[in-house]
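S.K.: Heads up: the sequence shown is residues 4 to 117, going by our numbering.
Cβ coordinates follow ideal geometry from the N, Cα and C atoms, glycine included.
Just passing along the structure, written as C-alpha cells.
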Amino acid sequence: MLIGELSRRTGASPRSLRYYEEQGLLDTGRGTNGYRHYDEDSVVTVRQIRTLLKAGLSTEVIRSVLPCARGERPDFDWCAELWDILNGELAAMDERIDGLQRNRGTLASYLTPP
C-alpha cells in the first residue's frame, strides 16, 4: 500500500510515517517509481508505535522494544532486557512527575495571598 493508504488506515500523518521510517521504526520498500510501499504488517506496526509514543516512550526506546511487541495494544514477549528498559523508563517518568509536583508547589506558593 502507498503512504496515503497507510495514513488513512492508521490515523498517522504521512509526515509522521516518514519520520518513523527515518527513526528506524518502520520498514518500507520502494517501487520502480520511487514511491514508498508498505505491507499489511505496517498497519499494526504504526499502531504499536503510536500507542508506545502515547505512553511517553521516546523513538529510541521504541526502537528497542518494538521487536518484542505483539498485536496493536501492544503486548510483549518478555525478556529481562525489555523488563529493565521499561522499568527504567517508568522510574525516569516518576522522577519527572516528582519534579513537576515540586515546581507546581513552588509556583502555587507564589499565588497564595500574604
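(1) Is it a yes or a no for the stretch 45-65 touching the stretch 76-94, going by three-plus beta-carbon pairs under 8 Å?
(2) Report the three-state DSSP secondary structure of residue 76 (helix, strand or coil).
(3) Taking the straight line between their C-alpha atoms, what separation do you get for residue 19 and residue 100?
(4) I need the DSSP call for residue 7, collapsed to helix, strand or coil.
(5) Residue 13: which of 48, 36, 40 sits nearest, CA to CA?
(6) Report yes if the CB atom of residue 35 is closer than 9 Å to the CB atom of residue 24, and no otherwise.
(7) From 17, 117, 50, 115, pick the residue whose C-alpha is nearest to that of residue 39; which is it?
(8) Counting along the chain, where does the alpha helix (DSSP H) carrying residue 94 start and finish?
(9) Where do the ends of the alpha helix (DSSP H) carrying residue 51 lie?
(10) Between which residues of its own chain and residue 33 is the CB-CB distance below 8 Å, once the five residues before and five after are set aside?
M.R.: According to the data block:
(1) When C-beta atoms of the stretch 45-65 are compared with those of the stretch 76-94, three or more pairs fall below 8 Å, so the two segments count as touching.
(2) Here residue 76 is taken as the residue at index 73 of the sequence shown, counted from 1. Here residue 76 sits in coil by DSSP.
(3) Your numbering for residue 19 matches position 16 in the sequence shown. Your numbering for residue 100 matches position 97 in the sequence shown. If I take the Cα positions, the gap works out to 27 Å.
(4) Against the sequence shown, residue 7 aligns to sequence position 4. Here residue 7 carries a helix assignment [DSSP, helix/strand/coil].
(5) As a first step, residue 13 is located in the sequence shown; it is residue number 10 there, counting from the start. Comparing alpha carbon positions, the residue from 48, 36, 40 closest to residue 13 is 48.
(6) Translated into the one-based positions of the sequence shown, residue 35 becomes position 32. Translated into the one-based positions of the sequence shown, residue 24 becomes position 21. Cβ atoms of residue 35 and residue 24: not closer than 9 Å.
(7) For the purposes of this step, residue 39 is taken as the residue at position 36 of the sequence shown. Ranked by Cα distance from residue 39, the options 17, 117, 50, 115 are led by 17.
(8) In the sequence shown, counting from the first residue as 1, residue 94 sits at position 91. Counting along the chain, the alpha helix (DSSP H) containing residue 94 begins and ends at 83-113.
(9) Taking the sequence shown and counting its residues from 1, one reaches residue 51 at position 48. Looking at the DSSP string, the run of the alpha helix (DSSP H) that includes residue 51 is 44-57.
(10) In the sequence shown, the residue the question calls residue 33 occupies position 30. Answer for residue 33: 39, 40, listed in chain order.
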